[in-house]
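Taking it in order: structure first as structure tokens, then the write-up.
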Amino acid sequence: MFERLRDGLRRARQRRGFERETVVLILKCTVAATLAWVVGTLLGASSQVGFAPFTALLVVRPSVYGSVLQSGRYVAAVFAGALLAGLVGLTTGAQLWTFALLLLVALAAGQARFFGAQGTQLPVVAAFALAGGTAENPEDLGYLLLMVCVGAVCALATNTVFAPAIRFRDAENAVLDLADGLRSLTSEMAEGLREGREGLDLDHWGRASGGFDGSVRNAQEAVRRQEDRTRLNPRRLVPGKHLDPGALDTYRDWIAALSRASRHVQSIVRTLRTTTGRGSRYSGPDDAFLREFAPLVERASEIFGAVHDHEEPERGSASEELCGRVQDALRLVDEERTRMRERWDDENWPVYSGLLTDVERLFEEVDQGYENSTRADRG
Numbered sequence: 001m002f003e004r005l006r007d008g009l010r011r012a013r014q015r016r017g018f019e020r021e022t023v024v025l026i027l028k029c030t031v032a033a034t035l036a037w038v039v040g041t042l043l044g045a046s047s048q049v050g051f052a053p054f055t056a057l058l059v060v061r062p063s064v065y066g067s068v069l070q071s072g073r074y075v076a077a078v079f080a081g082a083l084l085a086g087l088v089g090l091t092t093g094a095q096l097w098t099f100a101l102l103l104l105v106a107l108a109a110g111q112a113r114f115f116g117a118q119g120t121q122l123p124v125v126a127a128f129a130l131a132g133g134t135a136e137n138p139e140d141l142g143y144l145l146l147m148v149c150v151g152a153v154c155a156l157a158t159n160t161v162f163a164p165a166i167r168f169r170d171a172e173n174a175v176l177d178l179a180d181g182l183r184s185l186t187s188e189m190a191e192g193l194r195e196g197r198e199g200l201d202l203d204h205w206g207r208a209s210g211g212f213d214g215s216v217r218n219a220q221e222a223v224r225r226q227e228d229r230t231r232l233n234p235r236r237l238v239p240g241k242h243l244d245p246g247a248l249d250t251y252r253d254w255i256a257a258l259s260r261a262s263r264h265v266q267s268i269v270r271t272l273r274t275t276t277g278r279g280s281r282y283s284g285p286d287d288a289f290l291r292e293f294a295p296l297v298e299r300a301s302e303i304f305g306a307v308h309d310h311e312e313p314e315r316g317s318a319s320e321e322l323c324g325r326v327q328d329a330l331r332l333v334d335e336e337r338t339r340m341r342e343r344w345d346d347e348n349w350p351v352y353s354g355l356l357t358d359v360e361r362l363f364e365e366v367d368q369g370y371e372n373s374t375r376a377d378r379g
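The UniProt record's numbering numbers the first residue of the sequence shown as 1 and each following residue consecutively.
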């Protein structure tokens, strides 16, 4: 355990990433909770002071926007829970049936979408306030709400002072990693196709292509995190060069295009697996077709490589190399379709045509990706 902790601290010191963000979040939580406890103690709310650091710990988030959002929801949930507890405590008092009824109402109210993940705090506060006697004393109830506000303010102040740097490199790297993964797999597929049926490693290709769904989600999450960093971030008010938040839309366009392209890679693998397996309605592609199909898959690998190597998501317009590769690939598909229609009979054509259509649509998705990014840049 200590070795893993030491390795994590070393990685946090050496480079940006999950480990460093975790260390920063721990430090911010420590500062915010300590500050909230000090302020709460100075205000003299000795019996309810614990709610101040408790609130601060729940509200601190990696981004200022996230902290503002969660603090608003948490404070609203606590006020609602305290209000319900106060209505019961100041009227009928804490009894078995009133406690059960309070929890029932609080649990139902906590399901409101407005509270989000903080909805669970509503019945928690209501139960603690009534069971602990706080709800029967207006002064104690007021101090509880005051400490919650103190904790939220301390958390917001800490998050504002230690606002995260605005950088989009993490989002860009997530998109480039997706393109690199597609390049690697299609390169392996092209190499295997050149060997005919003997080179088909469909189990590995199926697992690798299925993993792109997770890669797409990771890339989308990376973009979302970077977007949250920019919202309400005081660093945007500092004079100097600022990153364009519109660049995140370009990343989203590329993620969408590469995601659709990955579906066509999955479709190619699925078609090969289905038609070469037992009980297929269609005869599987023979060695001659697979070798003829390999250059098209190799073109796909080269296109994904161009997206990665030229850092296309970061560019205002697509590089000449990428545009040229995509257009050449589309022309090659048309030529191959004409040539194959002349050479292969009707029995084979449904499968062959389906594979050609998948690789053609793959090229079109990349083409659409850089067209969307160019339009977004002009807009």
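Don't be surprised by glycine CBs; every beta carbon is placed ideally from N, CA and C. The structure displayed is predicted, hence computed values, not measured ones.
| Coil, strand or helix - G132 by DSSP | Here G132 sits in coil by DSSP.
| request: Give a yes or no on contact between the region 325–337 and the region 219–226, applying the rule of three or more CB pairs nearer than 8 Å. | output: no
| task | Label V161 either buried or exposed according to how many other C-beta atoms from any shown protein chain fall within 10 Å of its C-beta, with 16 as the threshold for buried. | result | exposed
| request: Count the C-beta pairs between the region 144–159 and the region 47–66 that are closer than 8 Å, then say yes if the count reaches three, no if not. | output: yes
| Is V59 near A179, with beta carbons less than 7 Å apart? | no
| request: Tell me whether T98 sits in a helix, a strand or coil according to DSSP, three-state version. | output: Three-state result, T98: helix.
| said: With a threshold of 7 Å on Cβ separation, who are the neighbours of Q368 within its own chain once the five nearest residues in sequence on each side are excluded? | reply: A257
| If we count the other Cβ atoms within 10 Å of its Cβ and call it buried at 16 or more, is R207 buried or exposed? | exposed
| task | Rank G305, S267, A33 and L355 by C-alpha distance to the C-alpha of F293 and give the top, closest one. | result | L355
| query | Going straight from the alpha carbon of R194 to that of S259, what length do you get? | reply | 26 Å
| Local Cβ density within 10 Å of A135, reported as buried at 16 or more and exposed below that | buried
| message | Between V78, P62, Y74 and A127, which has its C-alpha nearest A94's C-alpha? | response | A127
| task | Taking 7 Å as the cut-off, decide whether the C-beta atoms of F115 and R61 are in contact. | result | no
| task | Give the DSSP-derived three-state secondary structure of E360 in the structure shown. | result | helix
| task | Taking N159 as part of the alpha helix (DSSP H), name the residues at either end of that continuous run. | result | P138 to V161
| field | Contacting residues, own chain, Cβ-Cβ under 6 Å from A92 (five flanking each side not counted) | value | Strictly speaking, residue 92 in this sequence is Thr, with Ala absent from that position. Only T98 meet the Cβ criterion.
| If you run the structure through DSSP and keep just helix, strand and coil, what is T274? | helix
| field | First and last residue of the uninterrupted alpha helix (DSSP H) at G89 | value | V64 to G89
| query | In three-state DSSP terms, what is T186? | reply | helix
| Range of the contiguous alpha helix (DSSP H) that encloses V49 | Careful: V49 lies outside any alpha helix (DSSP H) and carries neither H nor E.
| query | So what's L58 in DSSP terms, helix, strand or just coil? | reply | helix
| task | Please confirm whether Q111 and A77 have their CB atoms less than 7 Å apart. | result | For Q111 and A77, no; Cβs fall outside 7 Å.
| task | Keeping to the same chain, check which residues put their C-beta closer than 7 Å to that of M189; ignore five residues upstream and five downstream. | result | Excluding sequence neighbours, M189 sits near W205 and V297.
| message | According to DSSP, is A288 part of a helix, a strand, or is it coil? | response | helix
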